[in-house]
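Since the structure comes first, as C-alpha coordinates, the remarks are kept for the end.
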Amino acid sequence: MVFQNPLSALNPVMTIGQQLTEVIELHRDVGQSDAEKIVVDTLAAVGFPDPQQALRKYPHELSGGMNQRALVAMAVSCRPSLMLCDEPTSALDVSTQAQILSLLVDMRERYGMSLLIITHNPGVIAETCERVAVMYGGKIVEIGAVDEIFNDSRHPYTRGLIKSMVRIEKRVEHFETVPGEVSSARDTSLCPFLSRCQVAVEKCRHVEPPLVPTAPGHTALCHRAEEKS
18 MVFQNPLSAL
28 NPVMTIGQQL
38 TEVIELHRDV
48 GQSDAEKIVV
58 DTLAAVGFPD
68 PQQALRKYPH
78 ELSGGMNQRA
88 LVAMAVSCRP
98 SLMLCDEPTS
108 ALDVSTQAQI
118 LSLLVDMRER
128 YGMSLLIITH
138 NPGVIAETCE
148 RVAVMYGGKI
158 VEIGAVDEIF
168 NDSRHPYTRG
178 LIKSMVRIEK
188 RVEHFETVPG
198 EVSSARDTSL
208 CPFLSRCQVA
218 VEKCRHVEPP
228 LVPTAPGHTA
238 LCHRAEEKS
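Quick note on this note's numbering: the sequence shown kicks off at 18 and runs consecutively.
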(Lines of atoms letter the chains of each structure in order from A and count residues from 1; the text may use other names and numbers.)
(Lines give C-alpha, C1' and ligand atoms only; values in the text may rest on other atoms or scores of the structure.)
Protein backbone atom coordinates (compact mmCIF):
# COMPACT_ATOMS: atom_id res chain seq x y z
CA MET A 1 0.00 0.00 0.00
CA VAL A 2 1.27 3.47 -0.93
CA PHE A 3 -0.54 6.21 0.96
CA GLN A 4 -1.38 9.78 -0.01
CA ASN A 5 0.78 11.74 2.41
CA PRO A 6 4.21 10.16 2.99
CA LEU A 7 4.96 12.25 6.07
CA SER A 8 1.81 10.92 7.73
CA ALA A 9 2.47 7.34 6.63
CA LEU A 10 6.10 7.21 7.77
CA ASN A 11 7.14 7.09 11.42
CA PRO A 12 8.88 10.42 12.23
CA VAL A 13 11.08 8.95 15.01
CA MET A 14 12.51 6.07 12.97
CA THR A 15 15.02 6.29 10.15
CA ILE A 16 14.03 5.19 6.65
CA GLY A 17 16.35 2.21 7.00
CA GLN A 18 14.79 1.10 10.29
CA GLN A 19 11.28 1.29 8.87
CA LEU A 20 12.00 -0.64 5.69
CA THR A 21 14.13 -3.24 7.48
CA GLU A 22 11.34 -3.84 10.00
CA VAL A 23 8.84 -4.52 7.21
CA ILE A 24 11.14 -7.00 5.47
CA GLU A 25 12.00 -8.85 8.69
CA LEU A 26 8.29 -9.16 9.53
CA HIS A 27 7.17 -10.45 6.15
CA ARG A 28 10.18 -12.27 4.67
CA ASP A 29 12.19 -15.11 6.18
CA VAL A 30 15.51 -13.25 6.33
CA GLY A 31 17.86 -11.96 9.01
CA GLN A 32 18.76 -8.35 9.71
CA SER A 33 21.87 -8.23 7.50
CA ASP A 34 20.01 -9.73 4.52
CA ALA A 35 17.08 -7.39 5.18
CA GLU A 36 19.40 -4.37 5.11
CA LYS A 37 20.86 -5.53 1.80
CA ILE A 38 17.35 -5.84 0.36
CA VAL A 39 16.59 -2.33 1.61
CA VAL A 40 19.66 -0.88 -0.08
CA ASP A 41 18.87 -2.63 -3.36
CA THR A 42 15.21 -1.54 -3.23
CA LEU A 43 16.05 2.09 -2.44
CA ALA A 44 18.43 2.09 -5.40
CA ALA A 45 15.68 0.61 -7.60
CA VAL A 46 13.25 3.42 -6.70
CA GLY A 47 15.77 6.15 -7.49
CA PHE A 48 17.70 7.03 -4.33
CA PRO A 49 21.12 8.26 -5.54
CA ASP A 50 22.86 7.18 -2.33
CA PRO A 51 20.87 4.36 -0.66
CA GLN A 52 23.44 3.81 2.08
CA GLN A 53 23.13 7.42 3.20
CA ALA A 54 19.31 7.32 2.89
CA LEU A 55 19.20 4.47 5.41
CA ARG A 56 20.24 6.88 8.16
CA LYS A 57 17.84 9.68 7.20
CA TYR A 58 14.65 10.55 9.07
CA PRO A 59 11.52 11.43 7.03
CA HIS A 60 11.79 15.16 7.87
CA GLU A 61 15.27 15.20 6.32
CA LEU A 62 13.97 14.14 2.89
CA SER A 63 11.84 15.94 0.33
CA GLY A 64 8.22 14.96 -0.28
CA GLY A 65 9.18 13.17 -3.48
CA MET A 66 11.94 11.14 -1.81
CA ASN A 67 9.64 10.21 1.07
CA GLN A 68 7.12 8.96 -1.46
CA ARG A 69 9.86 6.94 -3.13
CA ALA A 70 10.61 5.44 0.29
CA LEU A 71 6.95 4.42 0.61
CA VAL A 72 7.08 2.82 -2.84
CA ALA A 73 10.25 0.98 -1.77
CA MET A 74 8.47 -0.25 1.35
CA ALA A 75 5.51 -1.41 -0.73
CA VAL A 76 7.60 -3.41 -3.23
CA SER A 77 10.20 -4.72 -0.79
CA CYS A 78 8.18 -7.88 -0.12
CA ARG A 79 7.48 -8.43 -3.84
CA PRO A 80 3.66 -8.22 -3.72
CA SER A 81 1.41 -9.35 -6.55
CA LEU A 82 -0.76 -6.22 -6.09
CA MET A 83 0.17 -2.68 -5.06
CA LEU A 84 -2.57 -0.26 -3.97
CA CYS A 85 -1.86 3.46 -4.37
CA ASP A 86 -4.21 5.91 -2.66
CA GLU A 87 -3.78 9.33 -4.32
CA PRO A 88 0.01 8.73 -4.48
CA THR A 89 0.84 12.08 -6.12
CA SER A 90 -1.70 14.58 -4.74
CA ALA A 91 0.69 15.94 -2.09
CA LEU A 92 3.51 16.52 -4.60
CA ASP A 93 4.39 19.27 -7.07
CA VAL A 94 3.73 18.65 -10.76
CA SER A 95 7.26 17.67 -11.81
CA THR A 96 7.63 15.29 -8.86
CA GLN A 97 4.21 13.81 -9.64
CA ALA A 98 5.42 12.83 -13.11
CA GLN A 99 8.52 11.18 -11.63
CA ILE A 100 6.50 9.14 -9.12
CA LEU A 101 4.01 8.00 -11.77
CA SER A 102 6.87 6.91 -13.99
CA LEU A 103 8.38 5.08 -11.02
CA LEU A 104 5.12 3.24 -10.28
CA VAL A 105 4.86 2.04 -13.87
CA ASP A 106 8.51 0.97 -13.80
CA MET A 107 8.01 -0.99 -10.56
CA ARG A 108 4.91 -2.67 -12.00
CA GLU A 109 6.86 -3.88 -15.01
CA ARG A 110 10.04 -4.74 -13.11
CA TYR A 111 8.35 -6.91 -10.47
CA GLY A 112 5.43 -8.20 -12.57
CA MET A 113 2.75 -6.97 -10.19
CA SER A 114 -0.66 -5.41 -10.68
CA LEU A 115 -1.18 -1.74 -9.85
CA LEU A 116 -4.45 -0.27 -8.54
CA ILE A 117 -4.53 3.52 -8.29
CA ILE A 118 -7.23 5.42 -6.41
CA THR A 119 -7.37 8.99 -7.72
CA HIS A 120 -9.60 11.92 -8.66
CA ASN A 121 -7.12 13.04 -11.33
CA PRO A 122 -8.07 11.88 -14.87
CA GLY A 123 -4.55 12.72 -16.07
CA VAL A 124 -3.06 10.16 -13.69
CA ILE A 125 -5.48 7.54 -15.02
CA ALA A 126 -4.73 8.32 -18.66
CA GLU A 127 -0.97 8.13 -18.08
CA THR A 128 -0.69 4.98 -16.00
CA CYS A 129 -3.78 2.76 -16.25
CA GLU A 130 -5.19 0.21 -18.69
CA ARG A 131 -8.66 -0.08 -17.18
CA VAL A 132 -10.68 2.29 -15.00
CA ALA A 133 -13.69 1.99 -12.71
CA VAL A 134 -15.66 5.21 -12.14
CA MET A 135 -17.35 5.39 -8.75
CA TYR A 136 -20.21 7.56 -7.50
CA GLY A 137 -22.06 7.27 -4.22
CA GLY A 138 -20.09 4.18 -3.25
CA LYS A 139 -21.03 2.28 -6.41
CA ILE A 140 -19.13 1.53 -9.59
CA VAL A 141 -21.18 3.32 -12.26
CA GLU A 142 -18.92 2.55 -15.23
CA ILE A 143 -15.97 0.31 -15.92
CA GLY A 144 -13.92 -0.27 -19.05
CA ALA A 145 -10.67 0.29 -20.90
CA VAL A 146 -9.18 3.74 -20.44
CA ASP A 147 -9.56 4.70 -24.12
CA GLU A 148 -13.24 3.71 -24.10
CA ILE A 149 -13.98 5.59 -20.89
CA PHE A 150 -12.36 8.78 -22.17
CA ASN A 151 -13.61 8.60 -25.78
CA ASP A 152 -16.91 6.74 -25.50
CA SER A 153 -18.19 7.11 -21.94
CA ARG A 154 -21.75 5.94 -21.37
CA HIS A 155 -22.65 7.09 -17.86
CA PRO A 156 -23.78 10.73 -17.32
CA TYR A 157 -21.44 11.15 -14.37
CA THR A 158 -18.41 9.95 -16.34
CA ARG A 159 -19.32 12.32 -19.18
CA GLY A 160 -19.60 15.18 -16.70
CA LEU A 161 -16.17 14.43 -15.26
CA ILE A 162 -14.55 14.36 -18.69
CA LYS A 163 -16.24 17.60 -19.78
CA SER A 164 -14.96 19.32 -16.63
CA MET A 165 -11.35 18.53 -17.44
CA VAL A 166 -9.25 21.61 -18.21
CA ARG A 167 -7.20 21.38 -21.41
CA ILE A 168 -4.26 23.75 -21.75
CA GLU A 169 -4.57 23.96 -25.55
CA LYS A 170 -8.26 24.89 -25.46
CA ARG A 171 -9.53 28.33 -24.43
CA VAL A 172 -12.94 28.33 -22.71
CA GLU A 173 -15.23 31.11 -21.51
CA HIS A 174 -16.42 29.12 -18.50
CA PHE A 175 -15.54 25.84 -16.82
CA GLU A 176 -17.88 22.89 -17.16
CA THR A 177 -19.14 21.42 -13.88
CA VAL A 178 -21.36 18.58 -12.76
CA PRO A 179 -24.50 20.39 -11.52
CA GLY A 180 -26.24 19.69 -8.22
CA GLU A 181 -24.95 18.39 -4.91
CA VAL A 182 -23.76 14.98 -3.81
CA SER A 183 -26.67 12.98 -2.40
CA SER A 184 -26.55 11.19 0.95
CA ALA A 185 -24.54 7.98 0.97
CA ARG A 186 -27.45 6.41 2.89
CA ASP A 187 -29.66 6.70 -0.18
CA THR A 188 -28.77 3.42 -1.87
CA SER A 189 -32.02 2.92 -3.76
CA LEU A 190 -32.30 3.45 -7.52
CA CYS A 191 -29.47 5.31 -9.26
CA PRO A 192 -26.97 7.08 -6.97
CA PHE A 193 -26.60 9.86 -9.59
CA LEU A 194 -30.36 10.39 -10.11
CA SER A 195 -30.65 13.74 -8.28
CA ARG A 196 -27.91 15.30 -10.46
CA CYS A 197 -28.58 13.58 -13.78
CA GLN A 198 -29.50 15.83 -16.72
CA VAL A 199 -30.71 12.97 -18.96
CA ALA A 200 -32.84 11.00 -16.50
CA VAL A 201 -36.13 9.59 -17.79
CA GLU A 202 -39.25 8.55 -15.88
CA LYS A 203 -38.02 4.96 -15.66
CA CYS A 204 -34.99 6.14 -13.67
CA ARG A 205 -37.28 7.29 -10.85
CA HIS A 206 -38.87 3.90 -10.33
CA VAL A 207 -36.52 1.15 -11.55
CA GLU A 208 -32.98 0.51 -10.34
CA PRO A 209 -30.61 0.69 -13.33
CA PRO A 210 -28.89 -2.49 -14.51
CA LEU A 211 -25.20 -2.83 -15.30
CA VAL A 212 -25.44 -2.62 -19.09
CA PRO A 213 -22.65 -4.00 -21.34
CA THR A 214 -21.90 -1.54 -24.15
CA ALA A 215 -18.77 -3.24 -25.55
CA PRO A 216 -16.56 -6.19 -24.59
CA GLY A 217 -15.31 -5.39 -21.09
CA HIS A 218 -17.20 -2.08 -20.92
CA THR A 219 -20.30 -1.68 -18.76
CA ALA A 220 -22.29 1.22 -17.29
CA LEU A 221 -24.90 1.39 -14.53
CA CYS A 222 -27.52 3.31 -16.50
CA HIS A 223 -30.84 2.73 -18.29
CA ARG A 224 -29.51 4.81 -21.20
CA ALA A 225 -26.03 3.29 -21.36
CA GLU A 226 -26.50 2.02 -24.91
CA GLU A 227 -27.03 5.57 -26.20
CA LYS A 228 -23.95 7.34 -27.48
CA SER A 229 -23.26 10.89 -26.30
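C-beta atoms are modelled at their ideal positions from N, C-alpha and C, and glycine is treated no differently.
Note that the structure is predicted; figures quoted are calculated from it, not measured.
Query - Status (buried if at least 16 other CB within 10 Å, exposed otherwise) for I135 - result: exposed
Query - contact_flag[the segment 68-84, the segment 112-126] where n(CB pairs < 8 Å) is 3 or more - result: yes
Requested in this report: Count the other C-beta atoms from every protein chain shown that fall within 10 angstroms of the C-beta of Y174, then say buried if there are 16 or more, exposed otherwise.
Outcome: buried
Requested in this report: Using beta-carbon positions only, say whether V63 and I41 come within less than 9 Å of one another.
Outcome: no
Requested in this report: Please report how far the alpha carbon of A217 lies from the alpha carbon of P196, in whole angstroms.
Outcome: 14 Å
Query raised in the report: Is the segment 41-51 close to the segment 70-78, with three or more CB pairs under 8 Å?
Result: no
Requested in this report: Can you give me the start and stop residues for the alpha helix (DSSP H) that R176 sits inside?
Outcome: Per DSSP, R176 belongs to the alpha helix (DSSP H) from 173-180.
Query raised in the report: In terms of residue numbering, what span does the beta strand (DSSP E) encompassing T236 cover?
Result: T236 -> beta strand (DSSP E) spans 235-238.
Requested in this report: Buried or exposed for H172, please, with buried defined as at least 16 other CB atoms from any protein chain shown within 10 angstroms of its CB.
Outcome: Buried, by the Cβ-count rule.
Query raised in the report: Between E78, F65, L43, which lies nearest to V30 when the distance is taken from Cα to Cα?
Result: E78
Report task. Can you give me the start and stop residues for the beta strand (DSSP E) that R148 sits inside? Result -> 148-153
Query raised in the report: What residue range is occupied by the uninterrupted alpha helix (DSSP H) comprising A87?
Result: 81-93
Requested in this report: Reducing DSSP to helix, strand and coil, say where G161 ends up.
Outcome: strand
**Report entry** Cβ contact check for the segment 233-244 and the segment 148-162: 3 or more pairs under 8 Å
**Finding:** By the C-beta criterion, the segment 233-244 is judged to be in contact with the segment 148-162, since at least 3 inter-stretch pairs fall below 8 Å.
Report task. Compute the beta-carbon to beta-carbon distance between E193 and S212, rounded to the nearest angstrom, for a pair I have assumed lies under 8 Å. Result -> No, E193 and S212 are not in contact; Cβ-Cβ is about 19 Å, not under 8 Å.
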